[in-house]
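For the sequence shown, my numbering assigns the number 752 to the initial residue and increments by one for each residue that follows. Glycine is no exception: its CB is placed at the ideal position from the N, C-alpha and C atoms. Everything numeric in this text was worked out from a predicted model, so none of it was measured. For reference, the structure is listed below as structure tokens.
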Amino acid sequence: MVHGTIQLGLENIVRETNTEESRRNGDVPKTAIVTYGIDDIPPWYLCIFMALQHYLTMIGAIVAIPFILCPALCMQETDPDRSNIISTMIFVTGLITWLQSTFGCRLPIVQGGTISFLVPTLAILGLPAWQCPTTEALAAMTDAERRTVWTTRMCELSGAIAVSALFQLFLGYFGVIGSVLRFVTPLTITPTVALVGLTLFDHAAEAASQHWGIAAGTFILLTIFSQCMGEVKVPTLAWKKDQGVTINWFPLFKLFPVLLTIMIMWVICGILTATDVFPHGHPVRTDLKVNIIEDAPWFRIPYPGQWGVPTVSVAGVLGMLAGVLACTVESISYYPTTARMCAAPPPPLHAINRGLGTEGLGTVLAGLWGSGNGTNTFGENVGAIGVTKVGSRRVVQWAAGLMVVQGVVGKLGAVFIIIPQPIVGGLFCVMFGMISAFGLSALQYVNLNSSRNLYIIGFSLFFPLVLTRWMSAHSGVINTGVEAVDAVLQVLLSTSILVGGLVGCLLDNLIPGTDEERGLAAWAKQMSLEAGGACDQGDTYDFPVGMHLIRRWKWTSYLPFMPTYEAGKFTALFHTKKES
């Protein structure tokens, strides 16, 4: 999974759902036994508690991103603006999650930062123009000069993210996804997604090597909690009006393996700090970056352009496009899965179009707000729905509210920044491995006994690593005489997920092979996209307001993102023009 943490038993949960006949005439299929369905509204006090679970699950995935992003921006470890960046990420996550669940695909999914954008980010910041000054040069600068160093880089990222996301926005709202998916085969997805994790192994090694004991303790605990104790439930007290105090069994380890691991290892590091086992300044010590909490404001509202006016370059936009494409393919795979878990009808084509378009809009907003990252569907929260059997849209909307509130409380964001680096390194070892495994899981659709397929898999995975590693070591090797062209080629050839995806796509579509050999039949069944206009009595994927007007307006059936959309009408307009 491109978001970054354990899948929370997602595959098993989907397998456990009872598949029945899909609804065709407005009937909701009972594809899963749920406590609250997608359209149910639990009591407000239960909404708060269940929303907190989604919030905590999201935090476990998003907290790792700044630990790679901030050093690449040339920020010092003790810079208080690190907490402002993570607060911005959480704030934007809440904003986009509410927008997606209310007006987008209307599924109870959480949209937030993704590691997929880190690969092109590092490629862009690896250009000679954006490489960090030496440590001595940074130390000699004033605070204002150091701030200028990283804010100019953040502005470059913000512009690249916002503009590249317009492609996904167009892809979704104009219904182009059906045409694009014909070329996005399993042998294209595998290198694109798997290389996200494989490319970042250097960062995992750098963080974990600061103390292998703490890092090993982190990934051992995470393995035990997520893989060995997933079915272990903890007794919790609950009060019900008709029964009084009761004991509920809560799947603590399945829901929060990452957070439990962080808390336990953080306490261990705190004990080692209090007993002075490690000298001052050691990465394991919990007081190393405590000034970040002291300097962080209590309340701070993130706003667009807070780091400066975003700048746009062709190299940055084309590089970020790789992250946008990876997120698009991944999100599509989550939509039908989430619907099954919520006992909701399969999402029609207009809901998928609207979901992708809204995700693109969210990434545009994330870029303009200066989060330094894009947005994608959190697989962890999809898994949490399957575990808790709570698929209510209202719960996720409450969770979005909690994220917005947390995003304006600066000191809460600062808490996550001071996690000792070896703990983060241990998390990276598992997270990046899971991302790679998620990409490799697409191979279940293809024939692995085919030498054709093995050739494509091996070359599309290995060659991008070779090329991008060499490009990083020889940043000035391309010299066409036009600086802009040099920068574009440098970024594109340094972005492993783009190179791997293009190589896999070209080889799979050019080398002869049968549909069964390539896995196209099974893949088409998995990614089936059907149009279904809104029925008169209402539908799960209708807009919450204004549907009576939309049904009266005939022109809305031509728009691919409208609930009344009828497949083929939008493209028929262009065919009619050509014939005339």
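For residue i, which three-state DSSP category applies?
i	result
methionine 1313	coil
tryptophan 1304	coil
glycine 1074	helix
asparagine 1124	coil
valine 1160	strand
leucine 988	strand
phenylalanine 925	coil
tryptophan 1049	coil
isoleucine 792	coil
methionine 1154	helix
lysine 1040	coil
cysteine 821	helix
aspartate 1259	helix
threonine 969	helix
aspartate 1287	For aspartate 1287, the predicted model reports a pLDDT of 46, less than 50, meaning its position is unreliable and no value from the coordinates is stated.
threonine 768	Residue confidence for threonine 768 is low, a pLDDT of 37 falling below 50, so the modelled location carries little weight; the figure read from the coordinates is stated next. Here threonine 768 sits in coil by DSSP.
glycine 777	Bear in mind that a pLDDT of 41 at glycine 777, under 50, signals an unreliable position, so the number given afterwards is only what the model happens to contain. Three-state DSSP puts glycine 777 in coil, outside helix and strand.
cysteine 856	coil
isoleucine 1136	helix
glycine 1270	coil
glycine 1177	helix
phenylalanine 1167	helix
valine 1018	helix
aspartate 1027	coil
valine 1009	helix
aspartate 1293	coil
glutamate 957	helix
asparagine 1204	helix
glutamine 827	coil
tyrosine 1054	coil
proline 1034	coil
leucine 1199	coil
Label residue i either buried or exposed according to how many other C-beta atoms from any shown protein chain fall within 10 Å of its C-beta, with 16 as the threshold for buried.
i	result
cysteine 979	exposed
phenylalanine 1050	exposed
methionine 1313	buried
tryptophan 795	exposed
tyrosine 924	buried
arginine 1144	buried
methionine 869	Reading off the sequence shown, one finds leucine at residue 869, where the question assumed methionine. Buried: at least 16 other Cβ atoms inside 10 Å.
tyrosine 1054	exposed
lysine 1332	A query on residue 1332 cannot be resolved here, the shown segment of the chain reaching from 752 to 1331 and no further.
proline 1061	buried
arginine 1303	exposed
histidine 1299	exposed
glutamate 772	Confidence at glutamate 772 is low in this model, with a pLDDT of 38, below 50, so the placement of that residue should be treated as unreliable; the coordinate-derived value is given next. Counting Cβ neighbours within 10 Å, glutamate 772 comes out exposed, since fewer than 16 surround it.
phenylalanine 818	buried
serine 960	exposed
proline 1030	exposed
aspartate 1259	buried
tyrosine 787	buried
threonine 782	Confidence at threonine 782 is low in this model, with a pLDDT of 41, below 50, so the placement of that residue is unreliable and no value is reported for it.
glutamine 994	exposed
methionine 892	exposed
valine 1035	buried
Flag residue i as yes when its Cβ comes closer than 7 Å to any non-hydrogen atom of the ligand SAM, and as no otherwise.
i	result
tyrosine 1086	For the structure depicted, the ligand SAM is absent and the ligand set is empty, with no information on it obtainable.
Per DSSP, what are the beta-bridge partners of residue i in this structure?
i	result
tyrosine 787	Val1141
leucine 803	None; leucine 803 has no bridge partner.
tryptophan 1000	Pro986
glycine 863	Asn1127
Quick one: which unbroken alpha helix (DSSP H) runs of 4-plus residues sit fully inside the stretch 1209-1249? Chain order, please.
If we require 4 residues or more, the alpha helix (DSSP H) runs fully inside the stretch 1209-1249 come out as 1234-1245.
* Just checking, does the stretch 1014-1027 make contact with the stretch 1148-1162 on the three C-beta pairs under 8 Å criterion? -> Short answer: they don't touch.
Practice task
Could you tell me whether the stretch 1221-1234 touches the stretch 913-932, using the rule of 3 or more Cβ pairs below 8 Å?
Solution key: Flag = no, the stretch 1221-1234 and the stretch 913-932 do not touch.
| message | Which runs of the alpha helix (DSSP H) at least 4 residues long sit entirely within the stretch 1057-1120? Give them in chain order. | response | Complete alpha helix (DSSP H) runs here, min 4: 1065-1092 and 1100-1120.
**Item:** alpha helix (DSSP H) runs wholly inside the stretch 878-955, at least 4 long, in chain order
**Value:** Taking only runs of at least 4 residues, the alpha helix (DSSP H) segments lying wholly in the stretch 878-955 are 886-891, 894-924, 928-931 and 937-950.
inquiry  = Quick test of the definition: if touching needs 3 or more C-beta pairs under 8 Å, does the stretch 1182-1194 touch the stretch 939-959?
reply    = Yes, they touch.
Query raised in the report: Per the contact definition of three or more C-beta pairs closer than 8 Å, is the stretch 993-1013 in contact with the stretch 1208-1222?
Result: In this structure the stretch 1208-1222 does not lie against the stretch 993-1013, because fewer than three pairs of beta carbons, one per stretch, are closer than 8 Å.
Query raised in the report: Is the stretch 1033-1045 close to the stretch 868-885, with three or more CB pairs under 8 Å?
Result: Segments in contact, no.
Quiz item: Below 8 Å, can you find three or more Cβ-Cβ pairs linking the stretch 860-877 to the stretch 1111-1126?
Solution: Contact between the stretch 860-877 and the stretch 1111-1126 is present: three or more C-beta pairs spanning the two stretches fall below 8 Å.
Fill in: Contact between the stretch 849-857 and the stretch 895-911 (3+ Cβ pairs under 8 Å)
In short, these stretches do not touch, since the Cβ pair count stays below three.
On the three-pair Cβ rule with 8 Å, is the stretch 1105-1112 touching the stretch 910-920? Three or more pairs of CB atoms, one per stretch, sit closer than 8 Å, so the stretch 1105-1112 contacts the stretch 910-920.
Are the stretch 1173-1182 and the stretch 959-975 touching, with three or more C-beta to C-beta distances below 8 Å?
-> Short answer: they touch.
Exercise for review: Specify whether the stretch 1236-1247 and the stretch 1061-1070 touch according to this definition: at least 3 beta carbon pairs, one from each stretch, less than 8 Å apart.
Suggested key: A contact exists between the stretch 1236-1247 and the stretch 1061-1070.
Practice problem: Report yes or no: do three or more beta-carbon pairs, one from the stretch 1093-1104 and one from the stretch 904-916, lie closer than 8 Å? | Solution: The stretch 1093-1104 makes no contact with the stretch 904-916: fewer than 3 CB pairs, one atom from each, lie closer than 8 Å.
### Segment contact flag, the stretch 832-847 with the stretch 1156-1174, C-beta cutoff 8 Å, min 3 pairs
Contact holds: three or more Cβ-Cβ distances are below 8 Å.
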